[in-house]
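S.K.:
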Amino acid sequence: MTNPAPEAPATGLHHSLARLTRVPDARGLGLSEPAAPVAPLVPETPGTSPLPAGYTELTGVEELDALLGVPHPIVIDKVHDRLDAQDLDLLARASFCSLSTADAEGNCDVSPRGGVPGFTHVVDAGTIALPDRPGNRRGDSFRNILTNPHVGLLYLIPGVMDVLRINGRARILTDAPFFDALVEKNQRPKLALVVEIDEIYRHCPASLRRSGIWSPDTWENAAEGDSPA
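Just so we're aligned, residue 0 is where the sequence shown starts under numbering that gives the first Met the number 0, counting upward by one.
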């Protein structure tokens with residue numbers, strides 16, 4: 000019996016997960032009917048599926064600009080590429096950030112990062128480092144960065160109406176002189192993410208106000224125990 004031709008290698012986290020859930024080829028199992036295919040977790044070509052009736056899609060920058068209007072010059076001019084005193088103060092108080100990455104094919108991922116206030120280490124005015132703490136060992140962000148170094152960071156301080164955004168290019172280090180400064184609870188990190196800053200700016204906190212995220216009366220009662228995620 001001729002073995003089925005091997006599948007072309009898949010790349011990216013979404014493809015990796017799809018491989019884990021794919022139904023085996025019926026020919027290899029001697030089944031009379033092929034197994035039903037498993038739907039992909041994400042469309043192979045996002046944005047190309049036909050829209051239902053009544054949906055209107057925006058497809059051009061000119062149309063977008065016409066709807067949004069012209070941004071105030073302050074919004075544009077506030078972007079910089081070196082940490083200033085306000086940035087340093089916010090990083091020293093921030094205990095949480097979200098890290099956005101994408102693989103070589105553009106499949107995106109956002110991962111939470113956190114620690115004691117000031118967990119982000121400032122290497123110099125144009126470089127920061129985030130220690131990797133024990134977690135679920137998936138390494139999604141690291142896997143993406145190995146093929147695409149561009150990252151985005153969004154910092155929050157609990158209870159404070161400040162949002163700091165940093166965009167840059169990341170490298171994964173296994174050691175550096177500053178690793179000793181990253182020790183927490185007597186544990187030296189095995190990895191650190193070093194980001195060379197391309198853009199820094201404070202984002203308008205309107206979304207924080209609208210969501211009431213820091214208002215205790217909007218919080219749901221947390222279930223006892225930690226999430227298994």
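Every residue gets a Cβ at the ideal spot worked out from N, C-alpha and C, and that includes glycine.
Since the structure is predicted, the reported quantities are computational estimates derived from the model, not experimental observations.
Using a 10 Å radius around the Cβ and a threshold of 16 neighbouring Cβ atoms, would you call Pro133 buried or exposed?
M.R.: For the purposes of this step, residue 133 is taken as residue 134 along the sequence shown, with counting starting at 1. Classification of Pro133: exposed, given that the 10 Å Cβ count is below 16.
S.K.: On the three-state DSSP scale, how would you describe Pro130?
M.R.: In the sequence shown, counting from the first residue as 1, residue 130 sits at position 131. Note: Pro130 maps to strand in three-state DSSP.
S.K.: Please confirm whether Arg164 and Leu153 have their CB atoms less than 7 Å apart.
M.R.: Within the sequence shown, the letter at position 165 stands for residue 164. Within the sequence shown, the letter at position 154 stands for residue 153. Yes, Cβ-Cβ distance for Arg164 and Leu153 is below 7 Å.
S.K.: Out of Val159, Lys184 and Leu192, which has the shortest C-alpha to C-alpha gap to Phe177?
M.R.: One-based indexing of the sequence shown puts residue 177 at position 178. Closest option to Phe177, Cα to Cα, is Leu192.
S.K.: Check each candidate in Met160, Asp174 and Lys189 and name the one with the smallest Cα separation from Ala205.
M.R.: Within the sequence shown, numbered from 1, the residue matching residue 205 stands at position 206. The shortest C-alpha separation from Ala205 is found at Met160.
S.K.: Between Gly113, Ala169 and Gly114, which lies nearest to Ser140 when the distance is taken from Cα to Cα?
M.R.: Here residue 140 corresponds to residue number 141 of the sequence shown, with the count starting at 1. If we check each option's Cα against that of Ser140, Ala169 comes out closest.
S.K.: Using 7 Å as the limit for Cβ to Cβ distance, is Val193 near chain C?
M.R.: Looking at the structure shown, chain C is missing, and only one protein chain is on hand.
S.K.: Only counting runs of 3 or more residues, tell me where the beta strand (DSSP E) segments fall wholly within the region 154-207, in order along the chain.
M.R.: DSSP runs (the beta strand (DSSP E)) wholly in the region 154-207: 162-172 and 191-202.
S.K.: Throw me the rounded Cβ distance for the Gly125 and Glu195 pair, which I believe falls under 8 Å.
M.R.: As a first step, residue 125 must be located in the sequence shown, where it is residue number 126. As a first step, residue 195 must be located in the sequence shown, where it is residue number 196. At roughly 6 Å, the Cβ-Cβ gap stays under 8 Å, so Gly125 and Glu195 are in contact.
S.K.: Alpha carbon to alpha carbon, how far is Ala128 from His120? Give it in angstroms, no decimals.
M.R.: As a working mapping, residue 120 is identified with position 121 in the sequence shown. As a working mapping, residue 128 is identified with position 129 in the sequence shown. Each residue's Cα considered, the two are about 5 Å apart.
S.K.: Determine the contact status of Pro70 and Asp131, defining contact as a CB-CB distance below 7 Å.
M.R.: The residue given as residue 70 occupies position 71 in the sequence shown. The residue given as residue 131 occupies position 132 in the sequence shown. Contact: no.
S.K.: Mind checking which residues open and close the beta strand (DSSP E) that includes Ala101?
M.R.: Translated into the one-based positions of the sequence shown, residue 101 becomes position 102. Here the beta strand (DSSP E) through Ala101 covers Phe95 to Ala101.
S.K.: Assign Val69 to one of three DSSP states: helix, strand, or coil.
M.R.: In the sequence shown, counting from the first residue as 1, residue 69 sits at position 70. If DSSP states are grouped into helix, strand and coil, Val69 belongs with coil.
S.K.: Buried or exposed for Asp174, please, with buried defined as at least 16 other CB atoms from any protein chain shown within 10 angstroms of its CB.
M.R.: Start at 1 with the first residue of the sequence shown, and residue 174 comes out as number 175. Its Cβ having fewer than 16 others within 10 Å, Asp174 is exposed.
S.K.: Tell me which residue opens and which closes the alpha helix (DSSP H) that Arg142 is part of.
M.R.: Here residue 142 corresponds to residue number 143 of the sequence shown, with the count starting at 1. Note, Arg142: alpha helix (DSSP H), Asp139 to Thr146.
S.K.: Which same chain residues, not among the five before or five after His202, have their C-beta less than 8 Å away from its C-beta?
M.R.: As a working mapping, residue 202 is identified with position 203 in the sequence shown. Leu153, Val162, Leu163 and Arg164, listed in sequence order.
S.K.: By alpha-carbon positions, which one of Ile212, Tyr200 and Glu219 ends up nearest to Val74?
M.R.: Translated into positions along the sequence shown, residue 74 becomes position 75. Cα-wise, what sits closest to Val74 is Tyr200.
S.K.: Distance check for Arg136 and Arg208, CA to CA, integer angstroms please.
M.R.: Position 209 of the sequence shown, counted from the first residue, corresponds to residue 208. Position 137 of the sequence shown, counted from the first residue, corresponds to residue 136. In a straight line, the C-alpha of Arg208 is about 34 Å away from that of Arg136.
S.K.: By the three-class DSSP mapping on this structure, what secondary structure does Arg112 have?
M.R.: For the purposes of this step, residue 112 is identified with residue 113 of the sequence shown, where counting begins at 1. Arg112: strand per DSSP, three-state reduction.
S.K.: Helix or strand or just coil, what does DSSP make of Asp123?
M.R.: For the purposes of this step, residue 123 is taken as residue 124 along the sequence shown, with counting starting at 1. Asp123 falls in the strand class under three-state DSSP.
S.K.: Buried or exposed, going by whether 16 or more other CB atoms sit within 10 Å of the CB of Cys107?
M.R.: By one-based count along the sequence shown, residue 107 stands at place 108. Burial call: exposed.
S.K.: Can you give me the C-alpha to C-alpha distance between Ala25 and Thr55, rounded to a whole angstrom?
M.R.: What you label residue 25 is simply residue 26 of the sequence shown in a count that begins at 1. What you label residue 55 is simply residue 56 of the sequence shown in a count that begins at 1. For Ala25, the pLDDT reaches just 38, beneath the cut-off of 50, and the residue's location in the model is therefore unreliable, although a value from the coordinates is still provided. Approximately 41 Å, taken between the alpha carbons.
S.K.: Roughly how many angstroms lie between the CA atoms of Asp80 and Glu198, to the nearest whole one?
M.R.: For this step, residue 80 is matched to residue 81 along the sequence shown. For this step, residue 198 is matched to residue 199 along the sequence shown. Answer to the nearest angstrom: the Cα atoms are 5 Å apart.
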